[in-house]
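*Asks:* The structure under discussion is supplied below as C-alpha cells; questions concerning it will follow.
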Amino acid sequence: GPKVLQIPSHQIIDMGQMVTLNCDPVSNHLYFYWYKQILGQQMEFLVNFYNGKVMEKSKLFKDQFSVERPDGSYFTLKIQPTALEDSAVYFCASSSRSAETLYFGSGTRLTVL
Amino acid sequence: GDSVTQTEGLVTLTEGLPVMLNCTYQTIYSNPFLFWYVHYLNESPRLLLKSSTDNKRTEHQGFHATLHKSSSSFHLQKSSAQLSDSALYYCALSAERGSALGRLHFGAGTQLIVIP
C-alpha cells in the first residue's frame, strides 16, 4: 500500500540544539500531519498542513515548532531550540482528503539529552 | 474536549478465542467518525477499520466493529484470534468530517498478545 517515509528513524541531540524531522508523504496527498507520542502515552495531534499553510495546531505545538513543505519536497518538523520534554516518537501522516484515511510513517524517535 | 478511552492496556488471548477490544469516546459533535488503527512492531500504524453510519457494522480482514452512538462505543471484535493478530491497536476519533481536517484523537492503545 501507499507508504510514508520518515527520516531519520532515530535522532539523539543535546538540549538547546535544533532538529529537523523529515517526512516523505504519499505522492499526490494534499494533507499532512504530525503526531507526537511520549513513551507509554497515546499519540497526540500536533499540527496539520494543507496548501502550504498550517490549518490547525494543538497546544502541544509550541512556538519552538515549525512545519513546512518547500517546493513539494519533504514535509518537515523543525524544533528550535529543543527541550528535554520534546523527547518522543514523532509520527508523520498524510491523506488525500481531510479526515479520510491517514497513512502513517513508522516514526522518528527523538531523544533530547 | 474530545477523548477516546480504551480500558484494556493489555489483552492476552489463546489462539482461536474471540477478540473484543473496548473503545468508548466523548465528543460534543453529533456525527463523529471512529477508526481502529493497528500498529505492528517495527511498522507504521495503519488503518484497520473506519466507522460507517450509526449501528451499521463495518468489517475488514476478519475484524468488525459497529458504531453505537447511544453508548458512544466502537468496540473491535474478531471471532477467532490468530497469532498474527498480535499488535498494538488504537481506537481514534475524528470529531467531525471536514471541519476537523483530519485531527484524530487517539486512545491509549491496547496491546493484544495471542498465544498458541
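These protein sequence lines map, in sequence, to chains A and B. Residues in the first sequence are numbered consecutively from 1, following our numbering. Residues in the second sequence are numbered consecutively from 1, following our numbering. Every residue, glycine too, gets a C-beta built ideally from N, C-alpha and C.
Using a Cβ-Cβ cutoff of less than 6 Å, which residues in the same chain neighbour Val89(A) once the five nearest sequence positions on both sides are dropped?
*Replies:* For the purposes of this step, residue 89(A) is taken as residue 89 along the first sequence, with counting starting at 1. Contacts found: Gln37, Gly107, Arg109.
*Asks:* Kindly identify the DSSP beta-bridge partner or partners of Met20(B).
*Replies:* By one-based count along the second sequence, residue 20(B) stands at place 20. The partner list for Met20(B) (beta bridge, DSSP) reads Gln77(B).
*Asks:* Using a Cβ-Cβ cutoff of less than 7 Å, which residues in the same chain neighbour Val4(B) once the five nearest sequence positions on both sides are dropped?
*Replies:* In the second sequence, counting from the first residue as 1, residue 4(B) sits at position 4. The residues Cys23, Tyr25, Cys91, Ala92, Leu93, His105, Phe106, Gly107, in chain order, have a CB closer than 7 Å to that of Val4(B) in the same chain once the five nearest residues on each side in sequence are set aside.
*Asks:* Using DSSP with H/G/I as helix, E/B as strand and the rest coil, what is Ala104(B)?
*Replies:* Here residue 104(B) refers to the residue found at position 104 when the second sequence is read from its first residue. Inspection of the sequence shows that residue 104(B) is occupied by Leu rather than by Ala. Residue state, collapsed to three classes: coil.
*Asks:* Just grab the DSSP bridge partners of Leu47(B) for me.
*Replies:* To locate residue 47(B), count along the second sequence from 1; it is residue 47. Its beta-bridge partners are Tyr37(B).
*Asks:* Compute the Euclidean distance between the alpha carbons of Phe35(B) and Gly9(B), then round it to the nearest angstrom.
*Replies:* Along the second sequence, read from residue 1 onward, the residue named residue 35(B) stands at position 35. Along the second sequence, read from residue 1 onward, the residue named residue 9(B) stands at position 9. In a straight line, the C-alpha of Phe35(B) is about 18 Å away from that of Gly9(B).
*Asks:* For Phe106(B), which residues in chain A fall below 9 Å Cβ to Cβ?
*Replies:* Residue mapping note: residue 106(B) aligns to position 106 of the second sequence, counting from 1. Simply Tyr35, Gln37, Gln42, Met43, Glu44, Phe45.
*Asks:* Does chain A have any CB closer than 8 Å to the CB of Tyr90(B)?
*Replies:* Walking along the second sequence from the start, residue 90(B) turns up at place 90. Interface residue, yes.
*Asks:* Compute the Euclidean distance between the alpha carbons of Ala100(B) and Lys50(B), then round it to the nearest angstrom.
*Replies:* Residue mapping note: residue 100(B) aligns to position 100 of the second sequence, counting from 1. Residue mapping note: residue 50(B) aligns to position 50 of the second sequence, counting from 1. Reliability of the predicted coordinates at Ala100(B) is poor, the pLDDT of 48 falling under 50, and no value is obtained from them.
*Asks:* Which of the three DSSP states is assigned to Ser99(B) in this structure?
*Replies:* Sequence index remark: in the second sequence, residue 99(B) carries index 99 (1-based). Confidence is the limiting factor: at Ser99(B) the pLDDT is only 48, short of 50, which leaves the residue's position unreliable, though a coordinate-based value still follows. Coil, per DSSP.
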